[in-house]
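Okay, so here's the structure we're looking at.
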Amino acid sequence: MRTRYETQHDLDNENEIADFLEKEWGCEFIKLDPVKWKVDYLIRSIKNKGKYAWCEIKRANINFGQYLFMISYKKIEAAKALYETSGQNFMLIFRCKDVLCYHTWDFKKKYKFEYSGRTMTTRDSHDIEPVFRIEPDECVKLNKFNNA
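Each number in this note's numbering corresponds to the 1-based position in the sequence shown with 50 added.
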């Protein structure tokens, strides 16, 4: 089994973003077990209890637009299964150095695909893997988030 690299700092970052978006969007972020569910959160609308979305929160140590965003093929494979069985969208939320943004995954779209991954600070052989890339201009910026 692969070593888990998620730190308390990573979890605090996720919680900060989830807390902000709960207020901003009027929803509840439900933290999911990463082994069982493979994605970070289930988002539930407060106003419309039948409205949900699956969500992954990523920290990108870059400025918005500096590079394409990246997500593991295996993560999208899991998200697609959740989307197909539940009918609920899958969102990626990226916290860059300068802005918070999100992308709603389109499972009918052909995204840029490559064999890459975490190449600058590789932790183990699993960090280099098949990935999809997301163009920054396909993301929605959330300008009210204080990224300090």
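Note that the Cβ used here is the ideal one computed from N, Cα and C, for glycine as well.
Local conformation of residue i per DSSP, three classes
| i | result |
| --- | --- |
| isoleucine 184 | strand |
| lysine 191 | strand |
| tryptophan 155 | coil |
| isoleucine 93 | strand |
| glutamate 56 | coil |
| isoleucine 126 | helix |
| aspartate 69 | helix |
| asparagine 63 | helix |
| alanine 103 | strand |
| lysine 162 | strand |
| lysine 108 | strand |
| lysine 86 | helix |
Residue i versus the options, residue with shortest Cα-Cα distance
| i | options | result |
| --- | --- | --- |
| tyrosine 133 | Glu164, Lys88, Pro186 | Lys88 |
| glutamate 56 | Lys108, Gln116, Ala129 | Lys108 |
| glycine 115 | Asn196, Asn63, Asp187 | Asp187 |
| leucine 61 | Glu106, Ile96, Ser95, Arg94 | Glu106 |
| valine 190 | Ile178, Tyr165, Cys146, Lys162 | Cys146 |
| aspartate 148 | Ile178, Phe163, Lys194 | Lys194 |
Through-space distance from residue j to residue i, alpha-carbon basis
| i | j | result |
| --- | --- | --- |
| asparagine 65 | aspartate 90 | 11 Å |
| serine 136 | methionine 120 | 24 Å |
| asparagine 98 | phenylalanine 79 | 14 Å |
| tyrosine 117 | isoleucine 184 | 9 Å |
| isoleucine 67 | lysine 160 | 28 Å |
Contact under 7 Å by Cβ, residue i with residue j
| i | j | result |
| --- | --- | --- |
| glutamine 138 | alanine 110 | no |
| leucine 82 | leucine 71 | no |
| phenylalanine 140 | alanine 129 | yes |
| phenylalanine 182 | isoleucine 126 | yes |
| leucine 192 | leucine 142 | no |
| proline 84 | tyrosine 123 | no |
Exercise for review: Assess, as a yes-or-no matter, whether the stretch 144-158 is touched by the stretch 72-85 under the definition of 3 or more beta carbon pairs within less than 8 Å.
Suggested key: Below 8 Å, too few C-beta pairs join the stretch 72-85 and the stretch 144-158 to call them touching: fewer than three.
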